[in-house]
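Once you know that position 28 of the sequence shown is 27 in numbering that gives the first Met the number 0, the rest is easy, because the numbers rise by one and skip nothing.
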Amino acid sequence: MNNSLPASLRQLDLNLLVTLDALLTEHNVTRAAERLHLAQPTVSVQLARLREFFGDPLLLPGPRGMRPTARADELREPLREALAALAQAVAPSSAFDPALSRHTWRVAAFDYSEFTVLLPALAGLRQAAPSARLAVVQFTPAQVAKKAEQADIDLAFLIEAEAPLDLHRRPLFTERYVLAGRAGHPRLKRRPTLAQFCQLEHVIVSPDGGGFTGATDAVLAELGMARRVALSVPHFLFLGAVLASTDLVAMVPSRLVRGNAALQVVEAPLEVPGFEMLMLWHERVHRDPAHQWLREQIAASV
């Protein structure tokens, strides 16, 4: 029980307030008992307890049933409003209507998941829930679980290797890497050999900033080979502009370059492990109808 409640309220049985409401409506113990589907002696006992709690007789015998005291008249409307509010609070969640929603959803995403997850979902979300709002925020993977617990975010999108274990998760897709460069790149007219691949000048995305090695370099090292990484950038957005305007190449997730006429995409001469993109959320919103709708919309769009 919440200790911030007054001591007197903590001692009160909620059922007594329901009985009092029936008594103040019927002005008769027998009719109140019928209304509550209780035996008359039970209601009489509850009335005695109510009189003791309030220090007032509440209902007095009269020629046509029972007459409420002044204290009972004071209680009538506040009690009715309180019980109505309580009934609404404990009622099952109503069905979610996106057309009427004015929700503001906050989702944690980086530029890759913004492009591959949120952008495909955006048109459908705007059409189905035109008055809802979406805020895209960025937190490090280590911050996501706490931010979700504190209700700072509703959803997060992370690769499986970075996803907190204590959040609900839903796989969205599995990504693989391809080799990309500018359209018309003279050394990407066909799939390069492994030796040719290593001779190309590469650009790498380093989210933490300044890194010059990644998953591709780990695979090459196992083969006793290395490539030249000439540029390290922090965002995939900048990477696309670099590839389109220089002769640098990059190993990139395939969904980022799919259908991009400014780029030439070929299969790489080595197999670099891909990754699984996950949608993550906290237990506090797991059964919320609005949140369930949002998750289904996003999952269906990727």
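Backbone N, C-alpha and C define an ideal beta-carbon position, used for all residues, glycine too.
None of the values given here were measured: they were computed from a predicted structure.
C-alpha distance - residue i paired with residue j, whole-angstrom precision
{"i": "residue 47", "j": "residue 75", "result": "18 Å"}
{"i": "residue 11", "j": "residue 275", "result": "53 Å"}
{"i": "residue 297", "j": "residue 108", "result": "13 Å"}
{"i": "residue 197", "j": "residue 254", "result": "23 Å"}
{"i": "residue 295", "j": "residue 216", "result": "37 Å"}
{"i": "residue 245", "j": "residue 122", "result": "33 Å"}
{"i": "residue 87", "j": "residue 94", "result": "14 Å"}
{"i": "residue 175", "j": "residue 204", "result": "15 Å"}
{"i": "residue 281", "j": "residue 18", "result": "39 Å"}
{"i": "residue 291", "j": "residue 285", "result": "7 Å"}
{"i": "residue 45", "j": "residue 120", "result": "57 Å"}
{"i": "residue 66", "j": "residue 40", "result": "19 Å"}
{"i": "residue 13", "j": "residue 28", "result": "18 Å"}
{"i": "residue 0", "j": "residue 81", "result": "The predicted position of residue 0 is uncertain, since its pLDDT is 40 and thus under 50; a value taken from the coordinates is nonetheless stated next. Cα-Cα distance, rounded: 18 Å."}
{"i": "residue 346", "j": "residue 83", "result": "Examination of residue 346 is not possible in this model, given that the chain is present from 0 through 301 alone."}
{"i": "residue 53", "j": "residue 77", "result": "15 Å"}
{"i": "residue 238", "j": "residue 195", "result": "21 Å"}
{"i": "residue 299", "j": "residue 163", "result": "23 Å"}
{"i": "residue 250", "j": "residue 89", "result": "53 Å"}
{"i": "residue 199", "j": "residue 113", "result": "29 Å"}
Residues of its chain near residue i, where Cβ-Cβ distance is below 6 Å and the 5 sequence neighbours each way are ignored
{"i": "residue 187", "result": "180, 263 and 265"}
{"i": "residue 35", "result": "21"}
{"i": "residue 303", "result": "An answer regarding residue 303 cannot be provided, because it is not within the stretch 0 to 301 covered by the chain."}
{"i": "residue 171", "result": "276, 278 and 301"}
{"i": "residue 140", "result": "157 and 161"}
{"i": "residue 146", "result": "138 and 152"}
{"i": "residue 115", "result": "254"}
{"i": "residue 256", "result": "179, 262 and 264"}
{"i": "residue 228", "result": "201, 203 and 211"}
8 Å CB neighbourhood of residue i in its chain, flanking five on each side removed
{"i": "residue 182", "result": "243, 260, 261, 262 and 263"}
{"i": "residue 192", "result": "268"}
{"i": "residue 24", "result": "31 and 34"}
{"i": "residue 219", "result": "197, 225, 226 and 269"}
{"i": "residue 68", "result": "55, 56, 57, 58 and 59"}
{"i": "residue 103", "result": "131, 132, 133 and 134"}
{"i": "residue 148", "result": "281 and 283"}
Simplified DSSP state of residue i, which is helix, strand or coil
{"i": "residue 154", "result": "strand"}
{"i": "residue 159", "result": "helix"}
{"i": "residue 95", "result": "coil"}
{"i": "residue 36", "result": "coil"}
{"i": "residue 167", "result": "strand"}
{"i": "residue 232", "result": "strand"}
{"i": "residue 225", "result": "coil"}
{"i": "residue 17", "result": "helix"}
{"i": "residue 187", "result": "coil"}
{"i": "residue 115", "result": "helix"}
{"i": "residue 200", "result": "strand"}
{"i": "residue 251", "result": "strand"}
{"i": "residue 109", "result": "coil"}
{"i": "residue 287", "result": "coil"}
{"i": "residue 144", "result": "helix"}
{"i": "residue 80", "result": "helix"}
{"i": "residue 11", "result": "coil"}
{"i": "residue 1", "result": "Model confidence at residue 1 stands at a pLDDT of 46, short of 50, so the residue's coordinates are unreliable; what they give is reported in the following sentence. Reduced to three states, the DSSP call for residue 1 is coil."}
{"i": "residue 256", "result": "helix"}
{"i": "residue 301", "result": "coil"}
Cβ-Cβ distance between residue i and residue j below 9 Å
{"i": "residue 15", "j": "residue 49", "result": "yes"}
{"i": "residue 156", "j": "residue 247", "result": "no"}
{"i": "residue 133", "j": "residue 105", "result": "yes"}
{"i": "residue 85", "j": "residue 71", "result": "no"}
{"i": "residue 110", "j": "residue 230", "result": "no"}
{"i": "residue 26", "j": "residue 79", "result": "no"}
{"i": "residue 166", "j": "residue 136", "result": "no"}
{"i": "residue 131", "j": "residue 283", "result": "no"}
{"i": "residue 206", "j": "residue 185", "result": "no"}
{"i": "residue 293", "j": "residue 124", "result": "yes"}
Neighbour flag for residue i against chain D, beta carbons, 9 Å
{"i": "residue 267", "result": "The structure shown has no chain D; it contains just one protein chain."}
Contacting residues, own chain, Cβ-Cβ under 7 Å from residue i (five flanking each side not counted)
{"i": "residue 272", "result": "214"}
{"i": "residue 221", "result": "none"}
{"i": "residue 302", "result": "Because the chain spans 0 through 301 in this model, residue 302 falls outside it and cannot be assessed."}
{"i": "residue 252", "result": "111, 174 and 176"}
{"i": "residue 4", "result": "Residue placement at residue 4 is poorly supported in this model, since its pLDDT is 48, which falls under 50; the coordinates still yield a value, given next. The answer is none, since no qualifying residue turns up."}
Strand pairing of residue i, partner residues [DSSP]
{"i": "residue 173", "result": "275"}
{"i": "residue 181", "result": "262"}
{"i": "residue 58", "result": "67"}
{"i": "residue 103", "result": "132"}
{"i": "residue 280", "result": "167"}
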